[in-house]
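The listed protein sequences correspond, in order, to chains B and Z. So in my numbering, spot 96 of the first sequence is number 299, and the numbers just go up one at a time. So in my numbering, spot 67 of the second sequence is number 392, and the numbers just go up one at a time. All residues carry an ideal CB built from backbone N, CA and C; glycine is no exception. These numbers were taken from a predicted model, which means no experiment stands behind them.
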Amino acid sequence: NAGVTQTPKFQVLKTGQSMTLQCAQDMNHNSMYWYRQDPGMGLRLIYYSASEGTTDKGEVPNGYNVSRLNKREFSLRLESAAPSQTSVYFCASSESLGGRSNQPQHFGDGTRLSIL
Amino acid sequence: AQTVTQSQPEMSVQEAETVTLSCTYDTSESDYYLFWYKQPPSRQMILVIRQEAYKQQNATENRFSVNFQKAAKSFSLKISDSQLGDAAMYFCAYRSGGGYQKVTFGTGTKLQVIP
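Quick look at the structure:
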């Protein structure tokens, strides 16, 4: 019953360093998402992947890249970390991207990322 | 673009009492879904309840129920018989019915449950 697994749970980086946040889901979901959560701003979508092999920008994509490695895995990369990217990052997955479906998104436990 | 507004940054309720969290949204679409998610201190995002816009009946899940007023674009969450474990951030979320499943979240309401 793992659901959506994110690694790492915590990370501290220096400005300019790069790192990749990993996400894997075991629910055979087609769609996956990366959000960031900042105080007073709810969750904002960074990138999403409708299905294996496709990725698209969300609301706040600048400074990030993603890779949909296979159906299970969707990684988020910070090429040159900036203090403004200090946030809590959530990965989520859902059964399908669109259509008449009331299925919610399932979330991982989040990664707390601090950039000094 | 759709927007979701939660006007109560913080709320408190006495244990065993009832509390209502408010949410309003703005959309020009007629087909959409609404959700309430709970985020406890553990940071997990947990689905509490969902509502399809085409259904007139308000959704209910045990102690949780919604008051969905489509014309007013209002979607409030009522928690009955509040328990200490209900203490969390609560996020209201909107999703379009067709096309891309983009979810728009409100800014959240922090609920404190007083013993």
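The beta carbons of Z:Tyr-358 and Z:Val-373 sit no closer together than 8 angstroms. Between B:Leu-246 and Z:Lys-427, the CB-CB gap reaches or exceeds 8 angstroms.
Annotated three-state conformation of Z:Asp-406 is coil, per DSSP. Z:Gly-433 is a Cβ neighbour of Z:Tyr-415, given a cutoff of 8 angstroms.
Per the Cβ contact rule, the region 276-283 of chain B is in contact with the region 224-242 of chain B (3 or more Cβ pairs under 8 angstroms).
Under a criterion of Cβ atoms nearer than 7 angstroms, the residues of chain Z adjacent to B:Gln-308 are, in order, Val-428.
The Cβ atoms of Z:Val-438 and Z:Ser-405 lie no closer than 8 angstroms to each other. Assigned with DSSP and collapsed to three states, B:Gln-308 falls in coil, not helix or strand. Around Z:Asn-383, the same chain offers Gln-376, Ser-390, Val-391, Asn-392 and Phe-393 as residues with beta carbons nearer than 8 angstroms, after the five sequence neighbours per side are excluded.
Taking a 10 Å sphere around the C-beta of Z:Ala-413, we find 16 or more other C-beta atoms and assign the residue as buried. Within the region 222-235 of chain B, the residues whose Cβ lies closer than 7 angstroms to any Cβ of chain Z are, in chain order, Ser-234. For B:Gln-288, the secondary structure class from DSSP, reduced to helix, strand or coil, is helix. Taking 8 angstroms as the cut-off, the beta carbon of B:Gln-240 is found closer than this to the beta carbon of B:Val-291. Residue range 267-271 is occupied by the beta strand (DSSP E) that includes B:Ser-270. At least one beta carbon of chain Z lies nearer than 8 angstroms to the beta carbon of B:Gly-245. Pairing B:His-309 with B:Ser-296 gives a Cβ-Cβ distance under 8 angstroms. With contacts defined by Cβ atoms closer than 8 angstroms, Z:Asp-356 and Z:Tyr-379 form a contacting pair. Counted as a single uninterrupted DSSP element, the beta strand (DSSP E) harbouring Z:Glu-335 occupies residues 335-339. Any Cβ of chain Z closer than 8 angstroms to the Cβ of B:Leu-248 would place that residue at the interface, and such an atom is present. Shown here for Z:Ala-326: not one same chain residue has a beta carbon closer than 6 angstroms to its own, the five before and five after excluded.
Within chain Z, the C-beta atoms nearer than 7 angstroms to that of B:Gly-313 come from Arg-368, in chain order. Burial state of B:Arg-271 is buried, judged by a 10 Å Cβ sphere holding 16 or more other Cβ atoms. In this structure B:Gly-206 is in contact with B:Met-230, their Cβ atoms being roughly 7 angstroms apart against a cut-off of 8 angstroms. Neighbours of Z:Gly-433 in chain B, taken as residues at a C-beta separation under 7 angstroms, are given in chain order as Gly-245.
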